[in-house]
Amino acid sequence: MPPIGLFDSGIGGITVLREVRRLLPGEDLLYLADQAHCPYGPRPIDELRAIAATCAAWLIERGAKLIVVACNTASAAALGDLRQRFPETPFVGMVPPVKPAAAHTRSGVVGVLATPTTLEGNLLRDVIEHWANGVRVVPQACHGLVECIEEGALDSPTTVVLLQRYVAPLLDAGADTIVLGCTHYPLVLPQIRALVGDDVHLLDAAPAVAQRVVQVVQERGLAEVPAGMPGSVTYATTGDPQRLARLIERLDLPRGSVIPVTSL
Ligand code: DGL
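Numbering (numbering that gives the first Met the number 0) for the sequence shown: 0 to 263.
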């Protein structure tokens, strides 16, 4: 059965896979963790476009009928380019969920935690232009955070210090709603919650993106699921498969087979 393909620089996009799995439990999912190139955040746009095209081509060669760019940074840098390069394949990308955040805020200030590439990209600029509705959007680039999460060091002193450093300016600016603009960040949601308290609303785009995937699957007639059969989950990594398998288990992410990718 042709799978739904997803890719990210590492484990972050598994937070999106988790939601897709919840809504489409019968679909086969093929997830490419490009850990050899992690983090994507500091890389120039041209390089990110080339990397994203290679990841997409790899998934398409393995029969992916739809691709979720489960990475805000790769979406910001390359989503339009991917759609042009692979016109036969539907792509679903990520953009920080500013629209629901702007609808939710009472203080009129929304914080966005993301990588610099995401914060500087056109996708976010367009979303702010269309949906911020006079709400002040405060961007915060989170250097080094993806690396800590990839290490599985969710509670380490370094991670907590970084989170404090990045969340404090948003709270100081009066944000009552904070957007998680990187698919890695939901993995440290409890740690962020501990810093911001119960009154700040934290928004993850993954559930909405999974709903969009369901919509595209239906619109394009891509669902071909034998009733009642659970789909498979396969993780492929350009990094170390054993390390990835251990991390998936430790972080209680959806289980699946883990295979190495040598030719990306
Ligand atoms: N999960 C990616 C994102 O959503 C992480 C980017 C990175 O590797 O720096 O932006």
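Using N, Cα and C, we set each Cβ at its ideal position, and we do this for glycine too.
Pair every Cβ in the stretch 182 to 193 with every Cβ in the stretch 7 to 15, then say whether three or more of these pairs are closer than 8 Å. yes
Looking only at C-alpha atoms, which of E248, P86, V232, L263 sits nearest to E18? Here the question's residue 18 lines up with position 19 in the sequence shown. The candidate whose alpha carbon is nearest that of E18 is V232.
For the ligand DGL, I want to know if V232 counts as a neighbour, meaning its beta carbon is within less than 6 Å of at least one of the ligand's heavy atoms. Numbered from 1 along the sequence shown, position 233 holds the residue referred to as residue 232. V232 Cβ: outside cutoff for every heavy atom of the ligand DGL.
Could you pull out every residue in the same chain whose Cβ sits closer than 7 Å to the Cβ of F85, ignoring the five residues on either side in sequence? Counting from one through the sequence shown, the residue named residue 85 turns up at place 86. Closer than 7 Å at Cβ, skipping near neighbours: A55, I59.
G40 Cβ short of 6 Å to the ligand DGL heavy atom set: Taking the sequence shown and counting its residues from 1, the one referred to as residue 40 is at position 41. Yes, the beta carbon of G40 sits closer than 6 Å to at least one heavy atom of the ligand DGL.
Going by CA-CA distance only, name the one from A69, P156, I148 that's closest to A51. Start at 1 with the first residue of the sequence shown, and residue 51 comes out as number 52. Considering only alpha carbons, the answer is A69.
If I follow the unbroken beta strand (DSSP E) through D203, where does it start and stop? As a first step, residue 203 is located in the sequence shown; it is residue number 204 there, counting from the start. Segment 200 to 203, the beta strand (DSSP E) holding D203.
Look up Y39 in the DSSP assignment and say whether it is helix, strand or coil. One-based indexing of the sequence shown puts residue 39 at position 40. It is coil, neither helix nor strand.
Local Cβ density within 10 Å of T158, reported as buried at 16 or more and exposed below that: By one-based count along the sequence shown, residue 158 stands at place 159. By the 10 Å Cβ count, T158 comes out buried.
Work out the CA separation of P99 and L241 for me, nearest whole Å. Here residue 241 refers to the residue found at position 242 of the sequence shown. Here residue 99 refers to the residue found at position 100 of the sequence shown. According to the sequence as given, residue 241 is Gln; it is not Leu. Their Cα atoms are separated by approximately 38 Å.
Please state the DSSP three-state secondary structure of A32. The residue given as residue 32 occupies position 33 in the sequence shown. The answer is strand: DSSP assigns A32 an E or B state.
Taking its Cβ as the centre, do 16 or more other Cβ atoms sit within 10 Å of T261, making it buried, or is it exposed? Reading the sequence shown from its first residue, position 262 is the one you call residue 261. So T261 counts as exposed.
Following a CB-centred definition, is S8 positioned closer than 6 Å to any heavy atom of the ligand DGL? As a working mapping, residue 8 is identified with position 9 in the sequence shown. It does: the Cβ of S8 is within 6 Å (strictly closer) of some heavy atom of the ligand DGL.
State the start and end residues of the unbroken alpha helix (DSSP H) segment that holds R164. Mapped onto the sequence shown, residue 164 falls at position 165. Segment 156 to 171, the alpha helix (DSSP H) holding R164.
Is N71 near the ligand DGL - that is, is its Cβ less than 6 Å away from at least one heavy atom of it? Stepping through the sequence shown from its first residue, residue 71 is reached at position 72. Yes, Cβ of N71 sits closer than 6 Å to a heavy atom of the ligand DGL.
Check whether the stretch 192 to 203 touches the stretch 163 to 179, taking contact to mean three or more Cβ pairs, one atom from each stretch, closer than 8 Å. yes
Decide yes or no for the touch test of the stretch 108 to 122 against the stretch 79 to 95: beta carbon pairs closer than 8 Å, at least 3 of them. yes
From C37, A49, D7, Y39, residue whose alpha carbon lies closest to that of L29: As a working note, residue 29 is residue 30 in the sequence shown. Out of C37, A49, D7, Y39, D7 has the C-alpha closest to the C-alpha of L29.
Nearest candidate by alpha-carbon position, reference A77, set Q190, D45, P1: Looking up residue 77 in the sequence shown gives position 78. If we check each option's Cα against that of A77, D45 comes out closest.
I44 in three-state terms, based on DSSP: Translated into the one-based positions of the sequence shown, residue 44 becomes position 45. I44 falls in the helix class under three-state DSSP.
Assuming the contact rule is C-beta atoms closer than 8 Å, P89 and V215 should be a hit. Round their C-beta distance to whole Å, please. Sequence index remark: in the sequence shown, residue 89 carries index 90 (1-based). Sequence index remark: in the sequence shown, residue 215 carries index 216 (1-based). Right, the Cβ-Cβ distance comes to about 5 Å (below 8 Å), so this counts as a contact.
Distance check for E248 and G133, CA to CA, integer angstroms please. Taking the sequence shown and counting its residues from 1, the one referred to as residue 133 is at position 134. Taking the sequence shown and counting its residues from 1, the one referred to as residue 248 is at position 249. Straight-line Cα distance between these residues: approximately 43 Å.
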